[in-house]
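Some notes on the structure that comes next.
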Amino acid sequence: MLKKLRLKIILAIVLVAAVMLCAILGLFYTLTKQNLRTQSISMMQAIAADPFAPVQPEREPQQVRLPYFVLQTDAFGNLVAIGSSDYDLTDRTFLRMVAAAAQASRDAIGEIPEYSLRYCRVTGSVIFADISSEQQTLRTLLKTGALLVALGLLAFFGLAVLLARSAVRPVEEAWRQQKQFVADASHELKTPLTVILTNTELLQSPDYDTAQKQTFLSGIDAMAKQMRALVERLLELARAENEQASRAFTPCDLSQITESSALLFEAALFERGLTLQTELEPDITVSGDERQLSQLVEIYLDNARKYASGGTVAVRLFRCGKNRCRLSVSNEGEALSPQALRQIFDRFSRADAARTRDGSFGLGLSIAQAIAQAHGGSVWAESDGGVNTFFAELPVLSGHEKRQETAKKGI
Numbered sequence: 050m051l052k053k054l055r056l057k058i059i060l061a062i063v064l065v066a067a068v069m070l071c072a073i074l075g076l077f078y079t080l081t082k083q084n085l086r087t088q089s090i091s092m093m094q095a096i097a098a099d100p101f102a103p104v105q106p107e108r109e110p111q112q113v114r115l116p117y118f119v120l121q122t123d124a125f126g127n128l129v130a131i132g133s134s135d136y137d138l139t140d141r142t143f144l145r146m147v148a149a150a151a152q153a154s155r156d157a158i159g160e161i162p163e164y165s166l167r168y169c170r171v172t173g174s175v176i177f178a179d180i181s182s183e184q185q186t187l188r189t190l191l192k193t194g195a196l197l198v199a200l201g202l203l204a205f206f207g208l209a210v211l212l213a214r215s216a217v218r219p220v221e222e223a224w225r226q227q228k229q230f231v232a233d234a235s236h237e238l239k240t241p242l243t244v245i246l247t248n249t250e251l252l253q254s255p256d257y258d259t260a261q262k263q264t265f266l267s268g269i270d271a272m273a274k275q276m277r278a279l280v281e282r283l284l285e286l287a288r289a290e291n292e293q294a295s296r297a298f299t300p301c302d303l304s305q306i307t308e309s310s311a312l313l314f315e316a317a318l319f320e321r322g323l324t325l326q327t328e329l330e331p332d333i334t335v336s337g338d339e340r341q342l343s344q345l346v347e348i349y350l351d352n353a354r355k356y357a358s359g360g361t362v363a364v365r366l367f368r369c370g371k372n373r374c375r376l377s378v379s380n381e382g383e384a385l386s387p388q389a390l391r392q393i394f395d396r397f398s399r400a401d402a403a404r405t406r407d408g409s410f411g412l413g414l415s416i417a418q419a420i421a422q423a424h425g426g427s428v429w430a431e432s433d434g435g436v437n438t439f440f441a442e443l444p445v446l447s448g449h450e451k452r453q454e455t456a457k458k459g460i
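Quick note on numbering: my numbering labels position 181 of the sequence shown as 230, and the sequence is numbered without any gaps.
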């Protein structure tokens with residue numbers, strides 16, 4: 050699929066380039082042909098006025114007098130030819146043929162291709178001018194233009210290959226993530242389904258007593274709840290990614306939201322021997338959904354609770370720049386590799402196999418990322434000296450914007 054998409058992009062770019070280059074060549078050819086014809090006719094009209102007038106290069110340096118001859122009819126009806134020495138004007142057969150061709154045409158100005166001549170009929174005479182050099186110029190122009198078009202298409206093809214690779218890369222990454230998501234979701238569902246099916250078969254066996262069957266039922270119940278939890282997390286992720294764009298945001302005190310969420314986790318952190326430390330700048334207001342913002346903070350805190358090796362969990366909220374604020378949650382723990390930092394917000398991503406404990410599915414940070422992006426923000430993680438820090442940066446409301454939002458809410 051990706052190869053076909055890449056090929057379509059390349060073909061589209063090359064096709065557009067071919068049309069443009071051919072159009073430019075065609076336009077240049079037409080203008081050159083028209084210009085040569087106009088110059089030739091202008092010269093013929095000047096010759097008609099005075100066949101023996103010399104060329105005056107100081108007045109018209111761009112005009113060259115081409116080989117020509119003039120046919121006139123004398124008082125006795127005989128053809129009289131005058132002109133340059135490039136033609137054999139004693140060849141009466143040739144003169145009668147070109148004269149007949151010129152007189153047979155309805156147009157006063159035309160061409161006789163078989164003799165490479167252009168004629169111009171005026172009162173009492175017909176002027177003929179050689180156009181072989183003009184034809185040669187146009188043929189050379191076509192050959193040169195075709196070569197330039199071919200070279201241009203070759204250059205555009207190389208450029209198209211580079212652009213196609215760049216354009217397909219996001220699609221390729223999305224396709225990879227989709228396949229990885231399906232594989233990970235299947236893996237997460239496979240284990241509880243296997244346990245449920247196995248316990249169901251054991252329940253149907255007469256070899257087990259009531260107490261043992263109760264154990265099997267408890268296993269089925271635990272696995273079913275695990276599957277329900279996974280489905281609920283997937284639904285949360287879908288809502289965060291798809292519904293936030295249409296949600297009506299209101300001014301939210303992110304400082305208060307962060308403080309409340311931190312207080313909720315203080316006891317849970319204490320049970321694991323962790324100390325909570327907060328440093329929150331007051332009165333930071335953002336436009337958003339309060340429940341979703343609380344969920345973002347809680348996901349970060351829960352992540353720190355699960356994977357902190359001890360010490361302190363530090364929560365900071367501060368303004369950075371004129372219209373942005375930054376939330377950070379830090380904890381001591383196993384250092385994350387650069388690859389893990391790049392993939393930590395992907396669905397079902399875990400830094401190591403041990404992160405399957407505590408019922409983690411690797412979806413929480415993906416939900417946090419979706420929430421931040423829905424609020425016009427971004428997320429990332431850093432690992433330095435055994436301290437892992439997760440960041441979320443969001444746009445803040447200015448004083449004027451807060452008053453406007455409050456007025457709208459009042460209305």
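Note that the Cβ used here is the ideal one computed from N, Cα and C, for glycine as well. Keep in mind it's a predicted model, so treat the numbers as computed, not measured.
Exposed or buried, which one is residue i when buried takes at least 16 other CB atoms within 10 Å?
| i | result |
| --- | --- |
| Glu281 | exposed |
| Met93 | buried |
| Leu376 | buried |
| Phe319 | exposed |
| Asn127 | exposed |
| Pro300 | buried |
| Ala384 | exposed |
| Ala430 | buried |
| Gln341 | buried |
| Val129 | exposed |
| Ser89 | buried |
| Ser295 | Residue placement at Ser295 is flagged as unreliable, the pLDDT there being 48, under the threshold of 50; the coordinate-derived value follows with that caveat. Counting Cβ neighbours within 10 Å, Ser295 comes out exposed, since fewer than 16 surround it. |
| Val68 | exposed |
| Val65 | exposed |
Whole angstroms is fine: what's the gap from residue i's alpha carbon to residue j's?
| i | j | result |
| --- | --- | --- |
| Leu54 | Val217 | 7 angstroms |
| Leu329 | Leu283 | 31 angstroms |
| Gly173 | Val119 | 10 angstroms |
| Glu222 | Ala199 | 34 angstroms |
| Gly201 | Pro219 | 28 angstroms |
| Asp351 | Ala417 | 12 angstroms |
| Ala316 | Ser386 | 30 angstroms |
| Leu144 | Ser91 | 23 angstroms |
| Val147 | Leu190 | 28 angstroms |
| Arg225 | Ala232 | 11 angstroms |
| Thr142 | Leu197 | 44 angstroms |
| Glu250 | Ala311 | 46 angstroms |
| Gln157 | Leu70 | Here residue 157 turns out to be Ala, not Gln, going by the sequence shown. Between Ala157 and Leu70, the C-alpha separation is close to 36 angstroms. |
| Ala98 | Gln121 | 13 angstroms |
| Val210 | Leu51 | 13 angstroms |
| Phe439 | Val428 | 7 angstroms |
| Ala423 | Val346 | 15 angstroms |
| Ser447 | Ile333 | 9 angstroms |
Between residue i and residue j, which are expected to be in contact by the criterion C-beta below 8 angstroms, what is the C-beta distance as a whole number of angstroms?
| i | j | result |
| --- | --- | --- |
| Met272 | Ile306 | About 35 angstroms; that fails the 8 angstroms criterion. |
| Leu412 | Leu286 | 6 angstroms |
| Val445 | Arg391 | Actually they are not in contact, since the Cβ atoms of Val445 and Arg391 sit about 27 angstroms apart, beyond 8 angstroms. |
| Leu414 | Val362 | 16 angstroms between Cβ atoms; not a contact. |
| Glu160 | Arg170 | Not quite, the Cβ-Cβ distance comes to about 13 angstroms (not below 8 angstroms), so this is no contact. |
| Phe394 | Phe230 | Phe394 to Phe230, Cβ: 13 angstroms. No contact. |
| Val364 | Thr327 | 5 angstroms |
| Phe314 | Arg354 | 6 angstroms |
| Ser358 | Gly382 | 5 angstroms |
| Ser304 | Leu366 | 6 angstroms |
Mind checking who residue i pairs with in its DSSP beta bridge?
| i | result |
| --- | --- |
| Glu285 | DSSP output for Glu285 lists no bridge partner at all. |
| Phe314 | Answer is none; Phe314 lacks a bridge partner. |
| Arg354 | According to DSSP, Arg354 bridges with nothing at all. |
| Cys374 | Arg368, Leu443 |
| Tyr117 | Ala178 |
| Gln341 | DSSP output for Gln341 lists no bridge partner at all. |
| Cys301 | Val335 |
| Gln326 | Ala363 |
| Asp433 | Val436 |
| Arg170 | Val175 |
| Leu128 | Thr122 |
| Glu160 | Arg167 |
| Ser427 | Glu442 |
| Glu381 | Gly359, Val436 |
* To do: Spell out a yes or no on whether the region 54-74 and the region 145-162 are touching, meaning 3 or more CB-CB pairs, one atom from each, closer than 8 angstroms.
  => no
* Asked: Below 8 angstroms, can you find three or more Cβ-Cβ pairs linking the region 179-188 to the region 75-94?
  -> The count of Cβ pairs closer than 8 angstroms, one atom from the region 179-188 and one from the region 75-94, reaches three, so the stretches are in contact.
* If you pair each beta-carbon of the region 333-340 with each one of the region 425-445, do three or more pairs fall below 8 angstroms? -> yes
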